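In my numbering, the protein residues as written are 347 to 735. Note that CB positions come from ideal geometry on N, CA and C, so glycine has one too. From a predicted model like this one, the values you see are computed outputs, not experimental measurements. Heads up: the structure comes next, in structure tokens.
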């Protein structure tokens, strides 16, 4: 019989490399398996490798290009800014102050004529939003404007291949051909969920429509969000935030000051009560009582970023206990990546530590005698001995 292969077995080593370094020192790529830098500290900035095996890096000339896992520059450093390749094999770059999209050969697919990074959206259903002087429209991965710019605002295509757009101050929905399929009539609109319902605002209140534009849950809420996969949607009344089912019945009573953006894989979502965050399940039972400053969604590894009493961040487990104590300034702690590691940055985006799930630092900066910065590995060995980080 043929040997079965697993995604892990076929996973390239460069997928697990860590971007690390410092200002004035340089940025390189560290392999946590071999415990060494496989690409030296020669860049000013860098992103991790995208699925196509290319990484955006800033070279010493302050221009961005792209390297392969051998560290070779394969798309010359010529861009003022650059971001990693997406699943369509396109990367957003800026040259001469204008933004466009390039392919893996460095050729422009969408010409650099857009005035900001935000003028080009992400691809969904094969189309991405773009903005020019006429407003927002959509292009395909070949850079062709298939829906001419005409809207004041335009969002990603979502379920059923519908995108919400705004014109003359009102929101409605178009299909991937650019045809208006639900008339522009709402004060605001959100995306369709997998169950075929979308929150819309009419006469200052939120209700839900189906894919034909029919109101199936009457406008009655101060605010409303998309349905989650478990069939619940957060809604706000005068009593606070609660949850409805697909019939519009309140199944978790409105009582919370704020609610999380999703239910995690473990079935929990964050809620705020009396200023503190805890976690409930889909039945509304408080599984982790409110005791933290705020709590993010749980990741696949069962940990969630949470803040302690002093505002510093750490990680809690499903019991609500801090497994990695709150010790990192707000906004500096990332989420665990697929390699099981999490990065801690300073407020300028430079890495200061990289930890595993036990909180063990596998790579970190340390200040010696209040004057010299050194980089150490998980064994406490100095691997960058120079001073003046």
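Looking only at DSSP bridge pairs, what is residue 723 linked to?
-> 709
Taking just the CA atoms, how far does residue 622 sit from residue 730?
-> 42 Å
Contacting residues, own chain, Cβ-Cβ under 8 Å from residue 536 (five flanking each side not counted) | 510, 544, 545, 546, 570, 571, 572
Candidates 649, 650, 619: which alpha carbon is nearest residue 635's?
-> 619
Of the residues 478, 539, 553, which one's Cα is nearest the Cα of residue 444?
-> 478
What residues in its chain sit with their C-beta under 6 Å from that of residue 656, if we drop five residues either side in the sequence?
-> none
Cβ pair residue 483, residue 528 closer than 7 Å = no
Exposed unless 16 or more other CB atoms sit within 10 angstroms - verdict on residue 463 | exposed
The beta strand (DSSP E) with residue 406 in it runs from where to where?
-> First-last for residue 406: undefined, no H or E at that position.
How is residue 653 classed by DSSP in three states: helix, strand or coil?
-> strand
From 631, 612, 628, residue whose alpha carbon lies closest to that of residue 646 = 612
Distance, Cα to Cα, residue 366 vs residue 648?
-> 25 Å
Distance, residue 502 Cα to residue 468 Cα = 7 Å
Can you pull the DSSP bridge partners for residue 444?
-> 441
Which of the three DSSP states, helix, strand or coil, is assigned to residue 363?
-> coil
Where the beta strand (DSSP E) containing residue 636 begins and where it ends = 632-638
Alpha-carbon to alpha-carbon, residue 521 and residue 540 = Spanning the two alpha carbons is a distance of roughly 16 Å.
Among 688, 631, 676, the one whose alpha carbon lies nearest that of residue 640 = The shortest CA-to-CA distance from residue 640 to any of 688, 631, 676 is the one to 676.
Could you work out which residue in 556, 665, 531 is closest to residue 549 when comparing CA atoms only?
-> In terms of Cα proximity to residue 549, the closest of 556, 665, 531 is 531.
Which residue comes first and which comes last in the beta strand (DSSP E) that contains residue 583?
-> First-last of the beta strand (DSSP E) with residue 583: 579-583.
Since residue 368 contacts residue 589 with CB under 8 Å, what's their CB separation in whole angstroms?
-> Actually they are not in contact, since the Cβ atoms of residue 368 and residue 589 sit about 45 Å apart, beyond 8 Å.
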